[in-house]
Amino acid sequence: AQTVTQSQPEMSVQEAETVTLSCTYDTSENNYYLFWYKQPPSRQMILVIRQEAYKQQNATENRFSVNFQKAAKSFSLKISDSQLGDTAMYFCAFMKHRDDKIIFGKGTRLHILP
Amino acid sequence: NAGVMQNPRHLVRRRGQEARLRCSPMKGHSHVYWYRQLPEEGLKFMVYLQKENIIDESGMPKERFSAEFPKEGPSILRIQQVVRGDSAAYFCASSPRSSGIANTGELFFGEGSRLTVL
Chain A
244 AQTVTQSQPE
254 MSVQEAETVT
264 LSCTYDTSEN
274 NYYLFWYKQP
284 PSRQMILVIR
294 QEAYKQQNAT
304 ENRFSVNFQK
314 AAKSFSLKIS
324 DSQLGDTAMY
334 FCAFMKHRDD
344 KIIFGKGTRL
354 HILP
Chain B
521 NAGVMQNPRH
531 LVRRRGQEAR
541 LRCSPMKGHS
551 HVYWYRQLPE
561 EGLKFMVYLQ
571 KENIIDESGM
581 PKERFSAEFP
591 KEGPSILRIQ
601 QVVRGDSAAY
611 FCASSPRSSG
621 IANTGELFFG
631 EGSRLTVL
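Protein chains in written order, with my numbering: chain A, 244 to 357; chain B, 521 to 638.
Written as structure tokens, this is what we have:
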């Protein structure tokens with residue numbers, strides 16, 4: 244069975260700083276997808292970034308980038324120039340290729356301080 | 521905004537009553553997923569449906585829980601004889617492709633329905 248582990252329950256950083264959220268996962272699959280979802284206080288989950296396991300290049304979306312280490316089964320999220328609107332719960336998630344279930348970690352609550 | 525619509529946003533039930541949660545997917549989406557989020561936990565997959573078809577219900581408790589997605593109307597998650605442990609936020613999501621999320625991996629979520637069982 245696949246598992247997703249986020250070891251940081253809560254983090255706080257000052258606005259404009261860079262922050263890295265950790266995620267590790269366990270799977271015997273070779274082909275899969277990894278995601279970071281954001282859940283702001285309004286509670287609607289939003290996809291932040293997606294990585295396909297067969298792609299070596301790390302995904303980037305504006306201020307959000309990932310460090311994907313396939314051998315180490317690590318998938319961290321880096322937020323550069325953090326903004327107050329980045330305050331949210333961040334969930335790391337995993338999906339097997341051609342599957343239809345996304346498996347979520349327990350989340351990291353991120354506070355961006357003014 | 522024709523996003524995923526869930527109602528009610530908040531539902532209070534007494535033990536033993538029934539809870540019905542509704543979800544209308546985004547326009548053009550025919551795949552619906554239900555997830556449950558317990559306090560301080562991640563989302564747990566419950567069930568995946570297409571119109572008139574349950575594709576995967578491996579995360580659904582065997583008793584008291586059922587889901588449907590009729591040809592017309594919203595998807596319904598039904599919880600019979602609720603207990604305190606059913607208190608949670610229930611999220612619905614839909615996916616944009618005819619083959620489900622396998623192609624894109626992206627789910628579009630609703631704002632959730634928070635069930636409180638007294």
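For each residue, glycine too, the CB sits at the ideal point set by N, CA and C.
Just so we're clear, the structure is a prediction, and the values are computed from it rather than from any experiment.
Cβ shell of LYS281(A) (< 6 Å), same chain only, five flanking positions each side left out: Answer for LYS281(A): ILE289, VAL291, ALA331 and TYR333, listed in chain order.
Interface flag, ILE575(B) vs chain A, CB-CB below 8 Å: Chain A, which has a Cβ nearer than 8 Å to the Cβ of ILE575(B), makes this yes.
Going by beta-carbon coordinates alone, are LEU320(A) and GLU258(A) separated by less than 8 Å? In this structure, GLU258(A) does not lie closer than 8 Å to LEU320(A) by Cβ.
Closer than 7 Å at the beta carbon, the chain A residues around GLY562(B): The answer, in chain order, is PHE334, PHE347, GLY348, LYS349 and GLY350.
Give me the Cα-Cα distance between TYR268(A) and GLU626(B), rounded to the nearest whole angstrom. Going by C-alpha positions, TYR268(A) is about 19 Å away from GLU626(B).
How should ASP343(A) be labelled, buried or exposed, when 16 other C-beta atoms within 10 angstroms of its C-beta is the threshold for buried? By the 10 Å Cβ count, ASP343(A) comes out buried.
VAL532(B): CB within 7 Å of a non-hydrogen atom of the ligand FMN: Absence of the ligand FMN is noted for the structure shown, with no ligands found whatsoever.
Can you round the beta-carbon distance between ARG604(B) and ARG535(B) to whole angstroms, since I take them to be within the 8 Å contact cut? Right, their Cβ atoms sit about 7 Å apart.
Start and end residues, beta strand (DSSP E) containing ALA336(A): Taken as a continuous stretch (DSSP letters only), the beta strand (DSSP E) holding ALA336(A) covers 331 to 339.
Quick one: is PHE629(B) near chain A, going by C-beta distance under 8 Å? With 8 Å as the cut-off, PHE629(B) counts as an interface residue toward chain A.
C-beta neighbour in chain B for MET254(A), strict 8 Å: Chain B contact via Cβ: absent.
Count the other CB atoms within 10 Å of the CB of LEU638(B); is the residue buried (16 or more) or exposed (fewer)? That one is exposed.
With a threshold of 8 Å between beta-carbons, can TYR610(B) be considered close to chain A, or not? No, because no Cβ of chain A sits closer than 8 Å to the Cβ of TYR610(B).
Leaving out five residues before and five after LYS227(A) in sequence, what residues of the same chain have Cβ atoms less than 7 Å from its Cβ? Any answer about residue 227(A) is impossible in this case: the structure gives chain A only from 244 up to 357.
Roughly how many whole angstroms lie between the Cα atoms of PRO528(B) and PHE337(A)? So the two alpha carbons sit approximately 29 Å from each other.
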